[in-house]
Amino acid sequence: MTSEISLFVNPAAGRGRGARAARSAAAVLRDAGFSVRTVLGTGPADALRRARAAVAAGTGALVAVGGDGMAHLALQAVAGTRTPLGLVAAGTGNDFARALGLPLRDPAAAGRAVAGALEEARLRDVDLGRAGGTWFGTVLASGFDSRVNDRGNRMRWPAGRLRYDLAMLAELAALRPLRYRIALDGGAVREVEATLVAVGNTSSYGGGMRICAGADPGDGLFDVTVVGACGRATLLKVFPRVYRGTHLDHPVVSVHRAARIELAAEGVTGYADGEPLGPLPLTAACVPGAVRIAGP
Numbered sequence: 001m002t003s004e005i006s007l008f009v010n011p012a013a014g015r016g017r018g019a020r021a022a023r024s025a026a027a028v029l030r031d032a033g034f035s036v037r038t039v040l041g042t043g044p045a046d047a048l049r050r051a052r053a054a055v056a057a058g059t060g061a062l063v064a065v066g067g068d069g070m071a072h073l074a075l076q077a078v079a080g081t082r083t084p085l086g087l088v089a090a091g092t093g094n095d096f097a098r099a100l101g102l103p104l105r106d107p108a109a110a111g112r113a114v115a116g117a118l119e120e121a122r123l124r125d126v127d128l129g130r131a132g133g134t135w136f137g138t139v140l141a142s143g144f145d146s147r148v149n150d151r152g153n154r155m156r157w158p159a160g161r162l163r164y165d166l167a168m169l170a171e172l173a174a175l176r177p178l179r180y181r182i183a184l185d186g187g188a189v190r191e192v193e194a195t196l197v198a199v200g201n202t203s204s205y206g207g208g209m210r211i212c213a214g215a216d217p218g219d220g221l222f223d224v225t226v227v228g229a230c231g232r233a234t235l236l237k238v239f240p241r242v243y244r245g246t247h248l249d250h251p252v253v254s255v256h257r258a259a260r261i262e263l264a265a266e267g268v269t270g271y272a273d274g275e276p277l278g279p280l281p282l283t284a285a286c287v288p289g290a291v292r293i294a295g296p
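Residues in the sequence shown are numbered from 1 upward in steps of one, following UniProt numbering.
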């Protein structure tokens, strides 16, 4: 493996934490004997083009510095290759790094974890989801949660998480069940009324909300969490339990396991790793060992 690695950086991640994290991680990696080349772009498309070029040129690893959005972008460059991916979590949610047991918001520790894994060839292959040609590491969300994202993304005020808190209140006021058409592993299409459907390669989204609490990125299967039709009172009772993963025991919630899911509903956007995939219908497949991770 070449000693030159590429640091793929979102300087704005975590309200500026990304730039500071990149400096800290780069110092640790250089102290470990690696030559570090920083990859930046003028925007997501340009950044991805540069990351793919680094992978094609034979970089020893692509190390993404930022949050789940940066990890998602990095996956588009390394998935399906043997180039290791390292993560220096410096965003708001960091759900992919959390699922992989990587240090959170400690760039020096994350840098040491990546350096140690590369030096000792402690690399592991983990599953990814793929939908419409886009790779994802955590959860494909649809329904109530994706509508909160839709509304929050349209809002220009306020800034930060408060925007999405207000969007959630507005969507609660407009809550109604959605008619989904779901097919698992090529089976018969089932029509269900649901509040949301989440397809998990890993367990959490939104900064630790364990919507697919039992999901394992090494078993070749998605955990599909269906929150059935319910009213505001029920949803407000179930919602706080998502952080502990105990919502799965509620009668309105069901969990299914599948390697492939076809998902359709009118007027619903799919989001994966917090990034918009586009309107349903979508077909997602779990791809075993699609990315090589440098970490514990």
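We treat Cβ as the ideally placed atom computed from N, Cα and C, and that holds for glycine.
Everything numeric in this text was worked out from a predicted model, so none of it was measured.
Among all the DSSP beta bridges, which residues are the ones paired with residue i?
i	result
TRP157	Beta-bridge pairing links TRP157 to no other residue.
PHE222	ALA258
PRO279	THR269
PHE8	VAL39 and ALA64
ARG292	ASP125
CYS286	GLY129
GLY143	LEU196
VAL136	With the sequence shown as reference, residue 136 is identified as Phe, and Val is not the correct amino acid for it. Beta-bridge pairing links PHE136 to GLY129.
ALA264	ARG181
LEU235	Bridge partners of LEU235: none, in fact.
VAL253	VAL227
LEU104	ALA89
Report the rounded CA-to-CA distance for residue i versus residue j, giving the unit in angstroms.
i	j	result
residue 297	SER35	Residue 297 is absent from the model: the chain starts at 1 and stops at 296.
ALA284	GLU171	26 Å
ALA167	ARG156	11 Å
PRO288	GLY218	7 Å
ILE261	VAL148	23 Å
ILE211	GLU266	22 Å
GLY60	SER3	6 Å
LEU282	VAL199	11 Å
ALA117	LEU178	45 Å
ILE182	ALA27	48 Å
ALA21	ASN201	27 Å
GLY132	LEU263	12 Å
ARG292	ALA233	43 Å
LEU123	LEU100	12 Å
THR225	PHE96	18 Å
ALA188	THR92	39 Å
LEU7	GLY214	32 Å
GLU193	GLY207	27 Å
GLY67	LEU40	15 Å
GLY58	LEU48	16 Å
GLY278	ARG23	35 Å
ILE5	THR38	9 Å
ARG257	VAL268	22 Å
ALA290	LEU140	17 Å
Let me know if residue i comes out buried or exposed under the rule of 16 or more other beta-carbons within 10 Å of its beta-carbon.
i	result
GLY186	exposed
THR246	exposed
TRP135	buried
ASP223	buried
VAL9	buried
VAL242	buried
THR42	exposed
PRO296	exposed
MET153	Checking the displayed sequence, the identity of residue 153 turns out to be Asn instead of Met. Looking at its Cβ environment, which holds fewer than 16 other Cβ atoms inside 10 Å, ASN153 is exposed.
VAL65	buried
LEU162	exposed
LEU196	buried
ASP249	exposed
LEU73	buried
GLY18	buried
ASP33	Before going further, note that residue 33 is Gly rather than Asp in the sequence given. So GLY33 ends up on the exposed side.
MET98	In the sequence as presented, Met is not what sits at residue 98; that position holds Arg. By the 10 Å Cβ count, ARG98 comes out buried.
GLY231	exposed
LEU236	exposed
residue 301	Here the chain covers residues 1 to 296 and nothing more, so residue 301 does not appear.
ASP31	exposed
PRO251	exposed
GLY86	buried
residue 298	Because the chain is modelled from 1 through 296, residue 298 falls outside the range shown and cannot be assessed.
ALA56	exposed
PRO158	exposed
I want to know whether the stretch 77-88 touches the stretch 144-151 - three or more CB-CB distances under 8 Å.
no
Cβ contact (3+ pairs, closer than 8 Å) linking the stretch 268-275 and the stretch 112-122
no
In the stretch 44-95, which residue ranges form an unbroken alpha helix (DSSP H) of at least 4 residues, counting only runs that do not cross its ends?
44-56 and 68-78
Unbroken beta strand (DSSP E) runs of length 3 or more, entirely within the stretch 166-229: which are they?
178-184, 190-200 and 222-228
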